[in-house]
Amino acid sequence: MDDGPAPKLSELLRHPDDLDKIPALKLEFSRKKGAVDGQLRRGLRDQLETTQAGMTGLGDGQKTVQAIKDEMINIDRLCSESQTMIHDFASINLVSQAHRNFGAVETMRRNLEAFNQRLSHVDDMLRQDDDDKENMPNLLPCHYELTQLRNIRDDAMEQIHRAEDPGLESTLEDYFARLDDTIDWFDEHVGILAMNLISLVVNDNNGLVVRFAVVMEAEERSDARVLALQEALKDHEEMAARFQGITDGAKKVRGYKDKFLQAIRISAEQQFEQAREDFLDDASRLDKIMKWYFNDLNAVKMGMTPLMPRRWTIAKTYADIYHGLMHDFLVAMVADPEGSSAHTLEIAGFPDKYYKKMAKMGFREQDLAPHVIDNREAELVRDFRQLIIKFLDEWIDRIFEQEKRDFAERNVEGSNLDQDEYGYFRTRNLVALWRMLREQVDAGANSKRADVVEGVVDAMFLRLRGRQQAWQRMLEDEALACESAGAELDGFQALQDWLVATANDQIACIDDNEDEGRLGYLSSFRQKFEPLVTAPYLEGADEELAALRDGYVDFSTWCITKFAHLIFVVDFGAVMPDFFTPRWYANTAMKQMVVTFDEYVGDYRQVLHHSLVDIFIEIFADELLVRYLGSVRNKGARFRRADPFRDKLFDDVSTAFDFFGGLPTQDVAQAIKQTWRVTEPFLNLVSADRDAIPDAFAAFKAAYWDLSIGWVEAVLRARDDFDRSMLNAVKARAATMDVVRGPETIMGKVK
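Letter 215 of the sequence shown, counting from 1, is numbered 218 in our numbering, and no numbers are missing.
Below is the structure:
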């Protein structure tokens, strides 16, 4: 089963064609759900079996303890009954007790007399071990002697306590005071060994490790005996008082085994502290920094296990302690204010490597609890990705705010624009934008995870599209203001410069010059992230790039179209309403317009990208033609048979043909003149006899399938001989025609 983070449906269903994947996705998710359900059932069954085994063990333990209690009660009852069966038992018991007391007193006397001497001998042995800490040859003798001396002290103090003599009790406490210092000295030796046990194993000091294990095992048995006795006697005070005298050995739990486990933890914690400092210094070295961790566990697994009691399962004990500390360390590092996103990302990628190494040593992932980072890999990766996207948004917002300020303050020398190496107008922040995008791709690449880079690149695609839209809105709003205020508006000339610069920017994004080996920003961007993402993702990314490329082309064309539109609204706004009106015959509006436009082309030819110059001219030519034909709707437009409208139309068209025919690019010139030939059927529609109008319309419609009947009606109404029958005849002919649709013609723009 795949343990990776499950993809979101929004990622799987990003395109209409992806809807075909729904049945396959449904089957895949059903399969995964079945696998998860199976795992959950197996896990639940294992947990129930473990719980049942634990409950059975607890029940057996309780039965054993109860059996011990019952046996002791039976022993006490038999003792009581035997006293009544033996004649003179009281006298015999009294003599026997006196004899036992005498023997105990004699033993206690000898022990007390030899106590200091034996304690001094232990001190000497400990001193020798201080001089030879690598071997500590006296570890076992010291432990044995100290155990005996502890028992002597505990027995003596218990006897005095029962005698209720505070004076003697204080005297004995002073007498035994040295013992505590010696015990502390011995415990210090034991602590040193416990803290350095792995080092001893690595250095093949197996004898000392075994002796240490003997001490720990003896203390463990002693503690178990004390706990069992305390458990057996705690509910039977009377019987406990009777048995106090025969409980030789330790009276209290000493907890050496717990101290040993605590020493393991402390030793590892010290190494984790150093690991934290090293990790904060270099987030990329977590694997190397944690090398000691796996070396320790391997040393325990291979070297220490044969030297320790099997029931201890010492390797698992170390693994559990170390794993818990590793979990605490990693979780703390995620929340550490001194850490960075690089640290978080390194931690997110660590569990897979961690569990693989642990598995090689025989420690299965399911046996190590809790999960080393609480199953937060996907969350950490998502947070890291969102952090990059957050920085991305902040950068884009700052850049756009600066661009808006530059645009608002454009009414200065140079219009707040730059020029590139070719002399083309350019906005000032496009280079910084693409440089920032590449840097954020690098930031994602530092994760060494394709899903992070893919998420970041997806966010970039979305924001690049949004940036196109935001720029278009900003320019559109300002263009509308200029259309309302006219050429008097401050910044109109600069607005035209910005439209040119923005169009150039769009071309720069997609201008791949293979001859010079220079890629546009978009292709360079793809080249940057291509090796960092998966092949399936790259296929979808190419579709996004194609859409962006089309968007840049469309936006650059929009800018040039808006430029041309502003020329007509602002520069030609006063003359366009005169066409086809009586004022038209006396003026030279067409000549004035082409001269003005020629000046615009001359002014902007050097600062407009060379690929856009011809497009600019074509857009202007189309706009001029559309507005010229649309002028039949001008107030007062009228074609009178007595007026020389044919000559005037011919003069206007000739002026346009002369201008466009003189263009440097003859292909463009021929294309424009071919488009302008639509004026011929227009002239025919205006000047044809009444009876020939349906035929003139039919010929016009056959050549231009998207010819608007509404515009034809406006043309007919501009004739001085118009009547309803003329229009009805045209509509009747239109109803009989079988028009074949084709590509849009210039008449599709004339409404």
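Every residue, glycine too, gets a C-beta built ideally from N, C-alpha and C.
Computed from a predicted model, the values in this text were never measured in an experiment.
Can residue i and residue j be called in contact, C-beta distance under 8 Å?
i, j, result
"Met503", "Tyr607", "Reading off the sequence, residue 503 comes out as Val, not Met. Contact flag set, yes."
"Val375", "Leu333", "yes"
"Ile201", "Asp299", "yes"
"His330", "Phe282", "no"
"Lys676", "Phe660", "yes"
"Phe558", "Gln471", "yes"
"Leu143", "Val193", "no"
"Val629", "Lys752", "yes"
"Ala231", "Arg153", "no"
"Leu551", "Leu467", "yes"
"Val204", "Val213", "no"
"Met755", "Ile350", "Past the boundaries of the shown model lies residue 755; the chain is included only from 4 to 754, so the question cannot be answered."
"Arg441", "Phe566", "no"
"Thr185", "Asp126", "yes"
"Ala717", "Arg636", "yes"
"Glu457", "Tyr540", "yes"
"Cys145", "Leu129", "yes"
"Lys255", "Glu223", "no"
"Asp1", "Asn141", "Lying outside 4 to 754, the shown extent of the chain, residue 1 is not represented and no answer is given."
"Lys531", "Val455", "no"
"Lys294", "Met364", "no"
For my contact list, residue i and residue j are in at a C-beta cut-off of 8 Å; report their separation, rounded to the angstrom.
i, j, result
"Val459", "Ile402", "The Cβ separation is near 17 Å, so there is no contact."
"Val556", "Ile622", "Not quite, the Cβ-Cβ distance comes to about 13 Å (not below 8 Å), so this is no contact."
"Met596", "Phe575", "6 Å"
"Asp508", "Arg413", "Not confirmed; about 15 Å, so no contact."
"Ala278", "Ile292", "5 Å"
"Arg452", "Val384", "6 Å"
"Thr560", "Ile618", "7 Å"
"Ala235", "Ile71", "5 Å"
"Val761", "Phe663", "Nothing about residue 761 can be reported from this structure: the residues present for the chain run from 4 to 754 only."
"Ile563", "Ala511", "Between Ala511 and Ile563 the Cβ distance is about 15 Å, and since that is not below 8 Å, they are no contact."
What does a CB cutoff of less than 8 Å around residue i pick up in its chain, not counting 5 residues either side in sequence?
i, result
"Met160", "Glu172, Leu175, Glu176, Phe179"
"Trp587", "Asp581, Lys651"
"Glu191", "none"
"Ile712", "Val733, Lys734, Ala737"
"Thr599", "Ile570, Asp574, Phe575"
"Ile324", "Leu264, Ile267, Arg268, Ala271"
"Asp515", "Arg521, Leu522, Gly523, Ser526"
"Ile249", "Reliability of the predicted coordinates at Ile249 is poor, the pLDDT of 47 falling under 50, and the value obtained from them is presented with this limitation in mind. The answer is none, since no qualifying residue turns up."
"Ile195", "Lys136"
"Ala435", "Ile402"
"Val742", "Lys704, Ala705, Trp708"
"Asn301", "Met364"
Going by the DSSP bridge assignment, what does residue i pair with across the sheet?
i, result
"Asn419", "Asn419 is not bridged to any residue."
"Asn516", "Arg521"
"Arg722", "Phe642"
So, for residue i: in the same chain, excluding its five sequence neighbours on each side, which residues have a beta-carbon less than 7 Å away from its beta-carbon?
i, result
"Lys356", "Asp290"
"Arg736", "Pro697, Phe700, Ala701"
"Ala216", "Leu310, Met311, Pro312"
"Asp5", "Residue placement at Asp5 is flagged as unreliable, the pLDDT there being 46, under the threshold of 50; the coordinate-derived value follows with that caveat. Cβ within range, chain order: n/a, list empty."
"Ser614", "Ile510"
Using a Cβ-Cβ cutoff of less than 6 Å, which residues in the same chain neighbour residue i once the five nearest sequence positions on both sides are dropped?
i, result
"Glu137", "none"
"Leu611", "Val503"
"Thr748", "Tyr707, Asp709"
"Glu424", "none"
Using only the heavy atoms of the ligand SAH, determine whether one of them is closer than 7 Å to the beta carbon of residue i.
i, result
"Leu498", "This structure lacks the ligand SAH; in fact it carries no ligand of any kind."
Would you please verify whether the beta carbon of residue i is less than 8 Å from any beta carbon of chain D?
i, result
"Ala695", "The structure shown contains no chain D; it is built from a single protein chain."
If you scan the region 423–462 from start to end, which runs of the alpha helix (DSSP H) of 4 or more residues do you find wholly inside it? Residue ranges of uninterrupted alpha helix (DSSP H) with 4 or more members, entirely inside the region 423–462 and ordered along the chain, are 433–448.
Considering only residues of the region 263–302, which uninterrupted alpha helix (DSSP H) runs meet the minimum length of 4 residues and lie entirely inside it, listed in chain order? As for any alpha helix (DSSP H) of minimum length 4 sitting wholly inside the region 263–302, the runs are 289–292, 294–302, ordered along the chain.
What ranges does the alpha helix (DSSP H) occupy inside the region 584–650, keeping only unbroken runs of at least 4 residues that lie completely in it? Scanning the region 584–650 from its first residue to its last, the whole alpha helix (DSSP H) runs of 4-plus residues come out as 592–607, 613–633.
List in chain order: all unbroken alpha helix (DSSP H) runs of 4+ residues lying wholly within the region 686–715. The region 686–715 is shown to contain whole alpha helix (DSSP H) runs of 4 or more residues at 696–706, in chain order.
Every unbroken alpha helix (DSSP H) inside the region 333–420 [4 residues or more]: For the alpha helix (DSSP H) assignment, the uninterrupted runs of no fewer than 4 residues enclosed by the region 333–420 are, from N- to C-terminal side, 344–351, 353–363, 380–411.
Counting only runs of 4+ residues fully inside the region 176–222, write out the alpha helix (DSSP H) ranges in chain order. With a minimum length of 4 residues, the continuous alpha helix (DSSP H) runs that stay inside the region 176–222 are 180–198, 200–205.
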